[in-house]
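Chemist:
In my numbering, the protein residues as written are 266 to 407.
1. Using CA atoms only, rank isn't needed, just tell me which of 333, 326, 278 and 267 is closest to residue 345.
2. What's the call for residue 306, buried or exposed, on a 16-neighbour Cβ count within 10 Å?
3. Quick check for students: name the residue ranges of the beta strand (DSSP E) that lie wholly in the region 291-328, counting only runs of 3 or more.
4. What three-state label does DSSP hand residue 331 in the structure shown?
5. Determine the burial state of residue 267: buried for a count of at least 16 other Cβ atoms within 10 Å of its Cβ, exposed for fewer.
6. Is the CB-CB distance between residue 295 and residue 277 below 8 angstroms?
7. Measuring straight from C-alpha to C-alpha, what distance separates residue 359 and residue 330?
8. Pick helix, strand or coil for residue 365, following the three-state DSSP scheme.
9. Could you tell me which residues DSSP pairs with residue 398 in its beta bridges?
10. Distance check for residue 313 and residue 391, CA to CA, integer angstroms please.
11. Determine the DSSP secondary structure at residue 278, reduced to helix, strand or coil.
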C-alpha cells in the first residue's frame, strides 16, 4: 500500500513526537519520509549495525530485542532509530515487526534537518531519550 503525502502528513500529525509541529512543517516532513512495509517477524533494524534511518510506526507493532531478549514493545505512533542516527554509533538493539507493519522512515540527514527546523521535535526526542535512560538506570539499581 502506498500512502499519499496527505496520508503521511495525517499519520505524522497523530504521532505525539510531532505534536508541536505546524501544518507546513508536517507537510515538509511527510515529503521527506518514505513508507516502508515489513511483514511479521522481519527485522527492521539490526543490533550492531550503524543506522542511517529513523522510523515512526504508522501502522502495526514491533518488538525491541537486545541480545536475544525482548525489552520493549512498540505500536503506532512510537519511534525508534534515533540514537544511532544522532551519535553515528551502532544500533543498541534490533527492532522486529510483530505483525504486518508500516513505518515512515527518515534518512539521518533528513532527521537532522527536521531537528534543526522544528525545535519541538528535538525536545520530544530528548524527552523520550531521557525517559528511556531513566528507565534503564532504574532497572539497573533495583
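By construction, the Cβ of each residue, glycine as well, lies at the ideal position given by its N, Cα and C atoms.
Modeler: Taking the coordinates as given:
1. 326
2. exposed
3. Counting whole runs of 3 or more residues, the region 291-328 contains the beta strand (DSSP E) stretches 299-303, 308-310 and 318-324.
4. Three-state result, residue 331: strand.
5. For residue 267, the number of other beta carbons within 10 angstroms of its own is below 16, and it is reported as exposed.
6. Taking 8 angstroms as the Cβ cut-off, residue 295 and residue 277 qualify as a contacting pair.
7. 5 angstroms
8. coil
9. DSSP lists no partner for residue 398.
10. Cα to Cα, residue 391 sits roughly 22 angstroms from residue 313.
11. helix
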